[in-house]
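Chemist: Numbering (the numbering used here), first residue to last: 5 to 314. Ideal Cβ positions, reconstructed from N, Cα and C, are used throughout, including at glycine. Keep in mind the model is a prediction, meaning the values are calculated, not measured.
#1: So is residue 229 buried or exposed if we call it buried at 16+ other beta carbons inside 10 Å?
#2: Mind checking which residues open and close the beta strand (DSSP E) that includes residue 186?
#3: Going by the CB atoms, is the gap between residue 305 and residue 277 shorter than 8 Å?
#4: From residue 221 to residue 170, what distance separates their C-alpha atoms?
#5: What does the alpha-carbon distance come out to for the pair residue 234 and residue 49?
#6: Where do the N-terminal and C-terminal ends of the alpha helix (DSSP H) with residue 4 fall, by residue?
#7: Indicate the three-state DSSP secondary structure (helix, strand or coil) for residue 192 in the structure shown.
#8: One question on the structure: do residue 211 and residue 178 come within less than 8 Å of each other, judged by their Cβ atoms?
#9: Distance check for residue 73 and residue 312, CA to CA, integer angstroms please.
#10: Assuming contact is defined by CB atoms lying nearer than 8 Å, are residue 262 and residue 255 in contact in what I supplied?
#11: In the DSSP assignment, what are the bridge partners of residue 108?
#12: Quick one: using the 10 Å Cβ neighbour count with 16 as the cut-off for buried, is residue 140 buried or exposed?
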């Protein structure tokens, strides 16, 4: 009788633990549907004072990224797919443009990655390959007569003691409906540039292949997250008689984030971002945040925002 009572007591004591384990297993076995939402307000230093620069932009941007995670298979591996929508509204500089013309969109991006394709917990190394599709939605793609972009991406990272180092290369090839750029004709368009339907050829060459490389370092200390990231963009242009075959540019951002104690992940963030052509003809290689350029060749913004993961 004592043994039976002891056994029943043990079952009652362990039932919450067993139930929690069953819930954890069931969560892993079920696909997960969620979303990532990011809202930012960015201002160029020149908008604060002309002494800080010539760029006077003031923008609000919204990122919506529905995500789907599959059931785990082959151990802890799973597929993660997301659809990225990104829009920007320009408040400054003030001009005669209508509100609708101040709102712009990036291309819609669909990505799928095999998460934990390599996941060595002892060393902290993980690797995830993937594919992506870019669907034209931006003005740049419209002018370029772009139909679609098809590419490969991957993410290699090392994570230990709150520090994560990542390298994320991407290659995207683009298909176009016409072998030139075109847009609505302007009053000064020449007759030889005019096409049908009030469309005219415009200057510039189409990007046939884009290579993107991102290096980032992230350190998490409690609710605090510090991030430093650099991106390079290499655009290989449609061949023609010109000697130039590609263009390069760099993007960097330095960011501080604070995780709020909410039921879903919410991060308040403050940062600075800098976008430049990669090289300056006079001074050589440009260092983000440091290089000083004239005119609109250096786009530096201070931003604040919130990231929400559902």
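Modeler: Reading off the structure:
#1: buried
#2: 186-188
#3: yes
#4: 7 Å
#5: 20 Å
#6: The chain is shown from 5 up to 314; residue 4 falls before or after that span and cannot be answered.
#7: coil
#8: yes
#9: 17 Å
#10: no
#11: 92
#12: buried
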